[in-house]
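Student:
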Amino acid sequence: MGALDGKAAIVTGSSRGIGAEVAKLLAAEGAAVVVNYRQKAPRANKVVAQIEEAGGRAVAVAADLTAEEGSQALVDAARQNFGGLDVLVLNASGGMETSMGEDYALRLNRDAQVNMLKAAAEVMPTGSRVVFVTSHQAHFIRTVPTMPEYEPVALSKRAGEDALRDLLPELEAKGISLVVVSGDMIEGTVTATLLDRARPGALEARRAEAGKLYSVEEFGAEVAKMVTADVPSGHTEYVGGAESFQSQG
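Under UniProt numbering, the residues of the sequence shown are numbered 1 to 249, in order.
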């Protein structure tokens, strides 16, 4: 018996990296998982295949969360394939890309997060949980400066977190809890790679300051834990290296 037997989950941005790891871990606990991708269907299908080979249930669903219909497509997929929705992991983020338009970071990291949560909350029953994944660099951006190359993304992610927290009374009325997981730079992620490319040595410098940077697998495990953790709604879980940010803030 898994902790999530009989539950259905959506993990946004789960065709690779942290999202893929979370999707597999939730499936291992019994959840049926909607694996979301924007363009790379083969990657998402591989995650689904890995889940199914391990005895779990999953479906890959293409959805651009910045498009008006993207969020609803994921909710509809959860209901049609698995009969409902109990868990939402808001993992998808970005903004370091240079080809997606000037306001892309804000559209993805704030607007899309709110739209996804609102669509999901319409069908989630009492006792459901939402987990929002962010970074220390974004969570503490108002008190601790970050690299100029990352600042627009950090500000947009903090705006997203604030907008989600503004919905806490509405969620509480529905019996839905929201938990934020804040992590340091993660080895092997797209954002860390792009940052290190924009500012060579940035990853090594942060690794030296923090003492250790989590791997995708390690951080994914921490995110997955918060789906069933006994913590109050609005809780922030700090994963690795937060002390230096807290002392500066």
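For each residue, glycine too, the CB sits at the ideal point set by N, CA and C.
1. Kindly provide the ranges of any alpha helix (DSSP H) runs that are 4 or more residues long and lie completely inside the stretch 58-117, ordered along the chain.
2. Rounding to the nearest angstrom, what Cα-Cα distance links Gly211 and Leu26 in this structure?
3. Can Leu85 and Ile10 be called in contact, C-beta distance under 8 Å?
4. I'd like to check one pair, Ser156 with Leu194: are the Cβ atoms closer than 8 Å?
5. Using a threshold of 8 Å, state whether the C-beta atoms of Thr12 and Asn36 are closer than that.
6. Please list the terminal residues of the continuous beta strand (DSSP E) segment that includes Ser244.
7. What ranges does the alpha helix (DSSP H) occupy inside the stretch 150-196, keeping only unbroken runs of at least 4 residues that lie completely in it?
8. Report yes if the C-beta distance between Gly17 and Val239 is below 8 Å; otherwise report no.
9. Can you confirm whether Gly95, when its beta carbon is compared against all beta carbons of chain C, has any partner nearer than 8 Å?
10. Which same chain residues end up closer than 6 Å to Asp5 when comparing Cβ atoms and leaving out the 5 residues on each side of it in sequence?
11. Let me know the secondary structure DSSP gives Phe132 once reduced to three states.
12. If Phe132 sits next to Gln113, beta carbons under 8 Å apart, how far is it from one beta carbon to the other, in whole angstroms?
13. By the DSSP assignment, the alpha helix (DSSP H) with Glu237 in it spans what residues?
14. Between which two residues does the beta strand (DSSP E) holding Ala8 run?
15. Could you tell me the alpha carbon to alpha carbon distance between Val75 and Val179, rounded to whole angstroms?
16. Determine the direct distance from the alpha carbon of Ser14 to that of Gln39, and round the result to whole angstroms.
17. Determine the direct distance from the alpha carbon of Gly70 to that of Arg43, and round the result to whole angstroms.
18. In the structure shown, what three-state DSSP assignment does Pro210 receive?
Tutor: Taking the definition as stated:
1. As summarised for the stretch 58-117, the continuous alpha helix (DSSP H) elements at least 4 residues long and confined to that stretch are 70-82, given in chain order.
2. Rounded to the nearest whole angstrom, the C-alpha separation of Gly211 and Leu26 is 29 Å.
3. Between Leu85 and Ile10, the C-beta spacing is below 8 Å.
4. The answer is no: Cβ separation not under 8 Å.
5. Result yes, Cβ atoms of Thr12 and Asn36 sit closer than 8 Å.
6. Looking at the DSSP string, Ser244 is not in any beta strand (DSSP E); the run it does join, the alpha helix (DSSP H), is 242-248.
7. Listed in chain order, the complete alpha helix (DSSP H) runs (minimum 4 residues) inside the stretch 150-196 are 151-165, 168-174.
8. Contact flag unset, no.
9. This model lacks chain C altogether, as it is built from one protein chain only.
10. Cβ neighbours of Asp5 beyond the five flanking positions: Gly30.
11. Correct three-state label for Phe132: strand.
12. Contact between Phe132 and Gln113 holds, with the beta-carbon distance rounding to 7 Å and staying under 8 Å.
13. Unbroken run through Glu237 is the beta strand (DSSP E), 236-239; no alpha helix (DSSP H).
14. In the DSSP assignment, Ala8 falls within the beta strand (DSSP E) that extends over 8-11.
15. Each residue's CA atom was taken as its position, placing Val75 and Val179 some 20 Å apart.
16. About 12 Å.
17. So the two alpha carbons sit approximately 19 Å from each other.
18. According to the sequence displayed, residue 210 carries Ala and not Pro. Three-state result, Ala210: helix.
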